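Notes for the one structure printed next.
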Amino acid sequence: GVPITLHILFFQTVASPPSSNFLLLGPSGAGKTAFTTLLEAKSSLSSNKSHSTHTSQQSTLVTVTLPPTVPTGSNRYRSVNDPSLKEATRNPIRYRVRDTPGHGKLRASQGISELQTMSQSKDIKTRLRGVVFMVDTAALVDEATLRDTATYLHDVLLFLQKRAKNGSSSKRTTDIPVLVAANKQDLFTALPPGAVREKLEAEIDRIRKSKTKGLLDASEDTGLEEEEEILGNDEQEAFSFKLLEHEAGVKVDVVGGAVKGDLQEEFGSGVRRWEEWVGMCL
Ligand code: GDP
Numbered sequence: 007g008v009p010i011t012l013h014i015l016f017f018q019t020v021a022s023p024p025s026s027n028f029l030l031l032g033p034s035g036a037g038k039t040a041f042t043t044l045l046e047a048k049s050s051l052s053s054n055k056s057h058s059t060h061t062s063q064q065s066t067l068v069t070v071t072l073p074p075t076v077p078t079g080s081n082r083y084r085s086v087n088d089p090s091l092k093e094a095t096r097n098p099i100r101y102r103v104r105d106t107p108g109h110g111k112l113r114a115s116q117g118i119s120e121l122q123t124m125s126q127s128k129d130i131k132t133r134l135r136g137v138v139f140m141v142d143t144a145a146l147v148d149e150a151t152l153r154d155t156a157t158y159l160h161d162v163l164l165f166l167q168k169r170a171k172n173g174s175s176s177k178r179t180t181d182i183p184v185l186v187a188a189n190k191q192d193l194f195t196a197l198p199p200g201a202v203r204e205k206l207e208a209e210i211d212r213i214r215k216s217k218t219k220g221l222l223d224a225s226e227d228t229g230l231e232e233e234e235e236i237l238g239n240d241e242q243e244a245f246s247f248k249l250l251e252h253e254a255g256v257k258v259d260v261v262g263g264a265v266k267g268d269l270q271e272e273f274g275s276g277v278r279r280w281e282e283w284v285g286m287c288l
């Protein structure tokens, strides 16, 4: 029995538990389910697991692996000749993604409450490392979709801004960065990431303005001074993700990609740059 016992012990020390959580948010139809399914398929782990099926109704938590060639934040300059690459191939970095489905008005509140729960984790092993907010870049030309998407993103960012502000300096809250995954770049009707950023920023600015106005009107009616926080704090300046980072320390990146389509073949993977973003959070 001795050799077997040793073998088991060795295996347990090598296979590190997945300890980094990411939350996947965004309107329905953006590609969240397709993305988690793809990540699972790309992960070697999925090969020895029974195939899991995703429906658009349930929240799922999947464990996936980062491709060995994707650098991580703690190992930024991993080169092809680096011995740590071999190690990464043998023992890939694992992380977990929680997909938040749901429809219509429900899904935004479901997503926000998931964000609340996950971001409150005090355990360094299970704490939330980042939020991936997925958008369908071919659908944003539609005004209602743009408004819907921007409202959801606004609420996510306002939550993160409040969270960052409430963290006292002694018990510093760790940053939770946001990736706006500009999906479906394979479609010829897709807006490029730069335009997606501009559209979302302009729409969030409009949402901010109408919220401020609503509050002013309400306080005139009641005579009460309602102190409600404004996303990005500075109301004089037009809203931008840069402003939000500067004012509130909430970092937002907009990065293009595609879960499906030709991009997969063209760039090896249409989700590579999102995986690189994930890697930088680790
Ligand atoms: P969810 O509601 O956010 O989970 O969205 P789904 O994953 O169900 O995707 C909605 C639809 O978009 C499905 O028909 C997907 O096949 C499709 N889809 C997802 N990603 C892409 C993409 O990158 N390009 C294209 N052309 N279609 C995509």
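Residue 7 is where the sequence shown starts when you use my numbering, and the numbers rise one by one after that.
For each residue, glycine too, the CB sits at the ideal point set by N, CA and C.
All of these numbers come straight from a predicted model, not from anything done at the bench.
Query, Result
"So, for lysine 266: in the same chain, excluding its five sequence neighbours on each side, which residues have a beta-carbon less than 8 Å away from its beta-carbon?", "Gly37, Ala40, Lys190, Asp192 and Gly276"
"Could you work out which residue in Thr195, Gly136, His160 and Arg212 is closest to threonine 143 when comparing CA atoms only?", "Thr195"
"Is the beta carbon of cysteine 287 sitting closer than 9 Å to the one on proline 183?", "yes"
"Could you have a look at valine 184 and say whether DSSP puts it in helix, strand or coil?", "strand"
"To the nearest angstrom, how far is it from the Cα of serine 26 to the Cα of glutamate 251?", "23 Å"
"Is any non-hydrogen atom of the ligand GDP found closer than 8 Å to the C-beta of glutamine 191, if you look at the structure I gave you?", "yes"
"Compare the Cα-Cα distances from aspartate 259 to each of Ala114, Ala188, Leu29 and Asp240 and report the closest residue.", "Ala188"
"Tell me which residues share the same chain as lysine 217 and place their Cβ nearer than 8 Å to its Cβ, disregarding the 5 neighbours each side in the sequence.", "Glu234 and Ile236"
"Mapping DSSP to helix, strand and coil, what is phenylalanine 139?", "strand"
"So phenylalanine 245 and arginine 214 are in contact, right, with Cβ under 8 Å, and what is the actual spacing, rounded?", "6 Å"
"By the 10 Å Cβ neighbour count, where 16 or more other Cβ atoms means buried, how is aspartate 148 classified, buried or exposed?", "exposed"
"Please name the residue, chosen from Val137, Thr75, Lys168 and Leu31, that lies closest to glutamate 253 on a Cα-to-Cα basis.", "Lys168"
"Out of Val141, Ala47, Thr66 and Arg133, which one is the CA nearest neighbour of glycine 32?", "Val141"
"When every heavy atom of the ligand GDP is checked, does at least one fall within less than 8 Å of the C-beta of serine 65?", "no"
"Classify threonine 69 as helix, strand or coil using the three-state DSSP reduction.", "strand"
"Return the CA-CA distance between lysine 219 and threonine 123, expressed in angstroms with no decimal places.", "31 Å"
"Where do the ends of the beta strand (DSSP E) carrying arginine 102 lie?", "100-105"
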